[in-house]
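Step one of this worksheet: look at the structure below.
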Amino acid sequence: MYAIVETGGKQYKVQEGDVITVEKLSVADGEKVVFDKVLAAGEGAEIKVGKPYIEGCTVDATAVESGKGPKVIIFKYKAKKDYRKKQGHRQPYTTVRIDALNI
């Protein structure tokens, strides 16, 4: 059985026991997280599809850790104009473990 949940503007296909990395959530490590924006859930021919979300369907998860991703370097320059700008960015994330699908 699987579900498709929406969080942080992205969609994830999850099953029980999966560990996924999502956009940063405002929860501490070890806290419970409930995803209520479930777009589709089921298995095979018995799949439910929401309009846009399934009523009363949730996915329970536990926050494993929070952190920052690898550094991405943004370098801008203009040829022959002596303009250079170097900037770095590390995207924050939260890793969650899927505990239960409540369909």
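Taking my numbering, the leading residue of the sequence shown gets 6, the next gets one more, and so forth. Using N, Cα and C, we set each Cβ at its ideal position, and we do this for glycine too.
Quick check: what's the CA-CA separation for residue i versus residue j?
i	j	result
residue 63	residue 104	11 Å
residue 110	residue 73	The requested residue 110 is not part of the displayed model; the chain covers only 6 to 108.
residue 53	residue 83	53 Å
residue 27	residue 36	15 Å
residue 12	residue 42	7 Å
residue 91	residue 98	23 Å
residue 59	residue 86	55 Å
residue 40	residue 101	11 Å
Is residue i near the ligand HEM, in the sense that its beta carbon is under 7 Å from a heavy atom of that ligand?
i	result
residue 58	This structure lacks the ligand HEM; in fact it carries no ligand of any kind.
Where does residue i land, buried or exposed, given buried means 16+ other C-beta within 10 angstroms?
i	result
residue 88	exposed
residue 24	exposed
residue 46	buried
residue 80	exposed
residue 78	exposed
residue 68	buried
With respect to the beta strand (DSSP E) encompassing residue i, which residues constitute its N-terminal and C-terminal limits?
i	result
residue 30	Taken as a continuous stretch (DSSP letters only), residue 30 belongs to no beta strand (DSSP E), as it is neither H nor E.
residue 102	97-107
residue 8	7-12
residue 18	15-19
residue 90	88-94
Compare the beta carbon distance of residue i and residue j with 8 Å and say whether it is the shorter of the two.
i	j	result
residue 38	residue 66	yes
residue 44	residue 16	yes
residue 29	residue 71	yes
Output the residue ranges of the beta strand (DSSP E) runs that lie fully inside the segment 34-79 and measure 3 residues or longer, sorted by chain position. Runs of beta strand (DSSP E) with 3 or more residues, each lying fully within the segment 34-79, are found at 37-40, 43-48, 51-54, 63-73, listed in chain order.
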